[in-house]
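Below is one structure, written out as structure tokens, with a few remarks after it.
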Amino acid sequence: MASGDVTITMFERIGGRATIDALVDRFYDRMDTLPEAKIIRAMHADDLGLIRDVLKRYLTEWTGGPKLYTPEKGHPRLRQRHIGFAIGDAERDAWLKCMRGAMEETVTDGAARQDLDKAISGLADWMRNR
4 MASGDVTITM FERIGGRATI DALVDRFYDR MDTLPEAKII RAMHADDLGL
54 IRDVLKRYLT EWTGGPKLYT PEKGHPRLRQ RHIGFAIGDA ERDAWLKCMR
104 GAMEETVTDG AARQDLDKAI SGLADWMRNR
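The structure is reproduced here in structure tokens:
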């Protein structure tokens, strides 16, 4: 979104770090509790602490916030990093169910939530590898 010479990032539109942190926490909480998410929960370690932190750093950077992911991990190469996991329509849909529920709970700006959903949906669809 641009207004004159000022560009407002998605990171800023949704509320910055506090919203990213809450979004990721709610996402993994949903993954832990929703029966529909069992298929993707099984792909993760029992302790979600480390992956929560990684996703927070990734989403912060991906939405236009501070570069917290690439200095440590390098280029995201998301498909390559997930190649060992079978990701089809069911896995994508379970992931999106968790993420959309988390966005509904944490992103209060409806227009920003809709724009973020569109971007997240494209990312999730692109991650399919079967």
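Using our numbering, you'd call the opening residue of the sequence shown number 4 and step up by one each time.
Beta carbons are placed, not taken as given, at the ideal position from N, Cα and C, and that holds for glycine.
Keep in mind the model is a prediction, meaning the values are calculated, not measured.
Three or more Cβ pairs closer than 8 Å define a contact, and the stretch 55-62 meets that threshold against the stretch 27-34. In this structure, the CA atom of N132 is about 14 Å from the CA atom of G125. Under the criterion of beta carbons closer than 8 Å, T63 and I17 do not qualify as touching, at roughly 11 Å. For V110, same chain residues with a beta-carbon under 6 Å away, outside a window of 5 residues either side, are I17 and R116 in chain order. Here T22 carries a helix assignment [DSSP, helix/strand/coil]. D112 and A127 have their C-alpha atoms spaced approximately 22 Å apart.
Cβ neighbours of K100 within its own chain (closer than 8 Å, five residues either side excluded): R33, L37, E39 and A40. As the crow flies, the alpha-carbon of H85 is around 20 Å from that of P74. If you check the CB distance, R95 and D120 do not come in under 9 Å.
With a 10 Å radius around the Cβ and a threshold of 16 neighbouring Cβ atoms, W129 comes out exposed.
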